[in-house]
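Per our numbering, residue 273 is the first one in the sequence shown, and the count goes up by one each step.
Worksheet for the structure shown next.
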Amino acid sequence: LCLANSSAILNYPKTRTTWIRPGILLYGAVPFKSGTGLELGLEPVMT
273 LCLANSSAIL NYPKTRTTWI RPGILLYGAV PFKSGTGLEL GLEPVMT
């Protein structure tokens with residue numbers, strides 16, 4: 273069982289094996305001070 277949050281999903285790909293909590297990623301945003309979701313290939317799926 274794994275409950276990776278947004279930051280872990282992006283930084284630790286091995287945490288994507290079971291359950292994830294994408295949170296802010298669903299809006300196309302990233303949980304970091306630098307960079308944008310577009311730079312990482314993210315697109316908003318919710319508004």
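Note that beta-carbon positions come from the ideal geometry of N, C-alpha and C, so glycine has one too.
In this structure, the straight-line span from the alpha carbon of residue 300 to that of residue 310 is close to 7 Å. Taking the CA atoms as reference points, residue 284 sits about 10 Å from residue 277. A direct Cα-to-Cα measurement between residue 315 and residue 298 gives close to 8 Å. Per DSSP, reduced to three states, the secondary structure at residue 280 is helical.
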